[in-house]
Each structure stands twice: as structure tokens, then as C-alpha cells.
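Some notes on the structure that comes next.
This is the structure we're talking about:
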């Protein structure tokens, strides 16, 4: 009997090499076929296997193709002919591709080998102030952009046959700002002349299309010529600031969706999502709650997908308005928590409302500056310090406040919704809130008050939120050992065993398809006989798990292998086409001399055991006494023999003896206890 410690040390340090970040292919590499070895295409499969030392069989090479399909005989330099470069394509992804490549390189007919590296775009917008926008890389917006083929013409934030619209009910909005006007929502329902636009350029300025200003409510929504939104207190169609003082709405709008990759100004998380302008302030900048409520409802009625509310007040508000917007119009409301650490978000409106996402602020390096409002009503945090954004009169400003954490989150929600336009609002909210990043101040305190549970689920991560719907999140939930040499289900020196795994997928992520698991190690104590488990005939569902009935890893260890943990890697790859999902999981397999069910614990043993077959079944048992007053008998696997433990009432300090005391041909067990009794 041989045993591996049943404490399988699953050190799951999940390292997501998500797709665009993949450094090189794990299923292919390049070889240069030696000039003196003839033409590779002229050989049959048996000859190819012989040339490559049967590595083509061992590593499941499915195809060998020319790298340069149209290379000519004259395409060479220094006697290196481009038509002799080939690509070795494996059947499965291989975590040990570098080792495989090196083995091929040692063959006589192979001059050199090369990995196939990914050319990662790492898309950085060309906006002028990108380097001043620390908060966009902080929420992984740059990684999120890579999920679109921007150079190929895809535009983040757009959808086929529709628009994602974020309303900004706020203190006016300088909508013709050069970094905003491109993304301002245009209500084509009021396009009276049918030319497809309601905004036109007049010299250096943008104006409402004069041919559309007919004084009629063309789309029948109760508002005349509402081309880009509405001015609630003034009851007109122009939310432009009356002066350069009323800048808040313009500052907020830039955080949502300043035009991105346009060579000027700033970038934004929303990239191209539309901004609905909705003024809810008096000309002096005062916002009254009746106007803010009406502004939110009007925005929902005009078709806003997301509504950002970067304002609030102490006390309650009209939950019915919020519920109507959320339930009847299907819009998501995002609001700022507030800028007073001494006031709880639970006492602020609409921060404390149901059916609202409440956002507090973090600074650079995920520091919480102890100035923003916190509370159990907070759903998540987002950057709110040193925020570079648009300002009135075509300018820019750097500002602080949860007023800017909220629109950054609103823009992120809109971006995610543009990627999954058919998803419910509940699904989108879950993607945002459930895929944040932990930061250490979540376990800190401010002014002696704990922040635990006061900063929401974590700091916004828009890339995670997007990835949760595009890719699975796989892990190894369990390892099982079968078919070992001595049949005890454990792994010891000299054993050859099969290893099965259960692969789990986190809830809220995409299903795992075409999953391939590859086992590898650089530890010479372990020989991997079969390193691949193929799950491609089944799906690993989100929130579920999967295992294979027939496929497994197979490993062995020599009789001389040193005991101790053996570090291994399980590489998980999923996906039906590029970009693939890849996860590397570190595990440790314990190599030991323990037997199944041993070592035992919870005993105090001060005498030697005896081994005997007292029940006559052909298998010997282990008998020993303990200071807890019991005599124990244990079978293979650590199981108790029937009738044991036998209770004596005092410590058993004598070693048990075995013999045929009464001459009946059967052996008896004899031992004594500390109280002077003999049994």
C-alpha cells in the first residue's frame, strides 16, 4: 500500500493571461527544415515521424504547413531559404510548448525553431491628455478597448441598429464642446427635413439644424424640437450654460463619453456612447429636487439607457420616480455617494434609494482619501481625484469629487451594455458590481470608523466586467487519483497513477467551451505519461463544473524519488476561436510513504502496537492502546475493526499481546490498563 497525503495542496494562484495578453501561441511553433534533408513535402507520414524522432506522434502534431505559402526559390539570404520555414501545429494547446520546441531543435534536420508571438495592440487612444488620465488605466479601460478591433473599424460603445444613451441631468451642458459634440445624442425623431442630423456646423460653432426648427413636436414625446435633450427649469430645448460659471454638467459629461481617439483633448471610458443633455438647474446653478426628479424621468421617456445623477441631498426622496424609471423604462440610474465623510450615504438621496447604483471615490493607487461619503448603500468605488475632463468654453479642467466617480461608472456601464445589447439591466449591473477590484483601504478606517462594508464591492474594473460575458473563469475544483499500482488510490514512489480533474467555472461568466487541460512540471521526480485532458465534447457552464469519464492525466514516480511536494502547473485553455481564454493554475502534489488512512491523529499513544489477523480474514489488523482509555483496532485504510474501539475506563499504557490463551485454535488479544485491570 502506498499513499499520497489527502491534503492535496491546491495552491490556486490563478494567473489570467486573458487572450490579448497571451505572449505566444501554445499550439504552434516555427521550424526551419535543414537544407540538406530534402523536401519535407515529398515524405510520407511514416518517414516524417522517423525524421522527427516520433515527436510528431508523441506531441499530437496534427499538421505541418509552410509558413510562407508563396515563398519562391529565390527568396533567400545567406543560404536561408524562406520556403523551408514550416509551422508545426499541435492538436491541443501545450503549456510546455517551449520544451517541445527545444526537443525539435535538437534534431539533425531542424536548424532552428521559433515561438509564434502575439502582436498585442494594447490600444492607447491618441487623445492629447491621455497621459494625464490616470484613472482610465486604473479601471483597465485600455484593456477593455482591446476587446474591439479598433484598427479594423470596430468602435467601442456602438451597437448595430441602435444607440447606448447616457443622460446627464445636471447643471447645464456645453454640448458644442469640440470633445463632446461628436458624442451628443441627436433626436432624429425631430429631424424635420429628413437629412439624418439635427446638429450642423456653422463656421466654428455647432448649432441646431435651422431646417429642423419648425416649432412642432415631430416625434410626439411632449417636447418641441428637443434635438439633444431638454432644459427642465426653463422648459426649452437648449441646455447650454448661461455663463462660464455653470460648468458642472460639462465636467460630468466628459467623464461619461468625451469623444475618444480623435487626436484632441481627453479620452473617456464610454468612447462613443451618446450623451443626452438634460439641464435641471436654475440659471444660478441651484438644483431643486422636483427638477432633478423631472429631469431623470424625462431622460427615461426620451430613451436614455443609463442616467447619471452627480448630485444629492440629505433626507429622503421620491422612490416611486426611481422605481418607474427602473421598472417601466428599463434605465439604470447611477449616482454619486457625496463628498462628506461625516455623512453616511445611507442618509443621502438618491444614494440610499433602491434600484440605484451608488458610487464613492478613490484616488491614485486605489487610496481612499477619507473625504468621500461612505455607507452600506455604496455599491462600488471609482476614481474621483485628479480627474481630467471637459469644461465650458471648449476648455479642460482637473477636478475631484464623487460627482466624477459616478459618470465614469455610468460610462463603463454604457460601454458594457454596448457589448451585450441584448442583456437585461440586471445582468449589466451584476457584471459591473460583481467584477470589481479589491483594494486594501476596504479593510481600513477613517477617523476611527471602520470602512469594512462601507466602500461597496470594490473599485470599478470595466475590463473585468466585459470579460465576464466574453470568457469563462475556470479553476480546478478537485483532483482524484485512480488506477495506482497498488490499488489504494494514492500516489507514492514507484507508483503510476491516473489523475482526473473537475474543472469549475465561476458564476456570472461565459460558459467554457472546447476546454483543454495540460499538466506540466519541471520537477524531475515526476514523469508525465499523458499530459492532456480534452473537455471539448462538453461545456463547463457558468456557475457549474465538468469532468471527463475516460480522459485523464497519467503520471509516475520512480522508486528512488525523494519525498515531498511536487510543484505542477495545469494550463486551461477555452474557446472556439481567437482570442482564446487561458488560465495557468499552480498545484502541488505530495509524494510520501504514508498509507491510506494514515497517519492517524487525535490519539495519545505511549505503548507499541501489535499487528495480527485476529478475525481470520487473511488480512492483518493494527491493535494499539491510547491514553483516552480505549483499545483500538484498525484495518487497511485506517478503518476501525468491528467491536472497536473497546473502552476500558483508564489509560492503556501496556503494549497488547496476542496468543491462543484458551487452546481453542484462535488467538486472543491481551492488554492491561493503568487502573490495574487486565483484559
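Residue numbers (the numbering used here): 1 to 679. Using N, Cα and C, we set each Cβ at its ideal position, and we do this for glycine too.
State the Cα-Cα distance for the pair residue i and residue j, rounded to the nearest angstrom.
i, j, result
"residue 639", "residue 147", "55 Å"
"residue 676", "residue 592", "40 Å"
"residue 570", "residue 541", "19 Å"
"residue 157", "residue 462", "13 Å"
"residue 622", "residue 614", "10 Å"
"residue 436", "residue 458", "5 Å"
"residue 322", "residue 511", "34 Å"
"residue 503", "residue 491", "21 Å"
"residue 240", "residue 266", "21 Å"
"residue 631", "residue 663", "24 Å"
"residue 627", "residue 648", "10 Å"
"residue 325", "residue 331", "6 Å"
"residue 236", "residue 474", "53 Å"
"residue 205", "residue 144", "33 Å"
"residue 523", "residue 46", "33 Å"
"residue 301", "residue 163", "15 Å"
"residue 398", "residue 27", "47 Å"
"residue 342", "residue 584", "45 Å"
"residue 400", "residue 174", "20 Å"
"residue 424", "residue 578", "27 Å"
"residue 588", "residue 29", "29 Å"
Determine the DSSP secondary structure at residue i, reduced to helix, strand or coil.
i, result
"residue 564", "strand"
"residue 121", "Residue placement at residue 121 is poorly supported in this model, since its pLDDT is 47, which falls under 50; the coordinates still yield a value, given next. Coil."
"residue 93", "coil"
"residue 659", "strand"
"residue 394", "helix"
"residue 104", "helix"
"residue 425", "helix"
"residue 452", "coil"
"residue 130", "helix"
"residue 584", "strand"
"residue 302", "coil"
"residue 516", "strand"
"residue 447", "coil"
"residue 679", "coil"
"residue 490", "coil"
"residue 666", "coil"
"residue 190", "helix"
"residue 276", "strand"
"residue 496", "strand"
"residue 296", "helix"
Select from the options the residue whose C-alpha is nearest the C-alpha of residue i.
i, options, result
"residue 231", "189, 281 and 270", "281"
"residue 532", "33, 94, 79 and 67", "94"
"residue 383", "391, 359 and 397", "359"
"residue 218", "211, 191, 65 and 655", "191"
"residue 481", "297, 555, 289 and 47", "555"
"residue 229", "270, 247, 211 and 170", "170"
"residue 31", "103, 650 and 215", "103"
"residue 456", "415, 330, 159 and 351", "351"
"residue 433", "447, 526 and 465", "465"
"residue 641", "616, 141, 363 and 500", "616"
"residue 506", "544, 96 and 611", "544"
"residue 189", "264, 214, 71 and 559", "214"
"residue 172", "309, 37 and 381", "309"
Quick one: is residue i buried, meaning 16 or more other Cβ sit within 10 Å of its Cβ, or exposed?
i, result
"residue 119", "Confidence is the limiting factor: at residue 119 the pLDDT is only 49, short of 50, which leaves the residue's position unreliable and the question unanswerable from this model."
"residue 467", "buried"
"residue 121", "Caution applies to residue 121, whose pLDDT of 47 falls short of 50 and renders its modelled position unreliable; the model cannot decide the point."
"residue 250", "buried"
"residue 345", "buried"
"residue 385", "buried"
"residue 517", "buried"
"residue 527", "exposed"
"residue 438", "exposed"
"residue 77", "exposed"
"residue 733", "An answer regarding residue 733 cannot be provided, because it is not within the stretch 1 to 679 covered by the chain."
"residue 138", "buried"
"residue 671", "buried"
"residue 407", "buried"
"residue 562", "exposed"
Residues bridged to residue i by DSSP?
i, result
"residue 621", "612"
"residue 349", "313"
"residue 201", "206"
"residue 532", "518"
"residue 61", "90"
"residue 711", "With the chain represented from 1 up to 679, any question about residue 711 goes unanswered, as that position is not in the structure."
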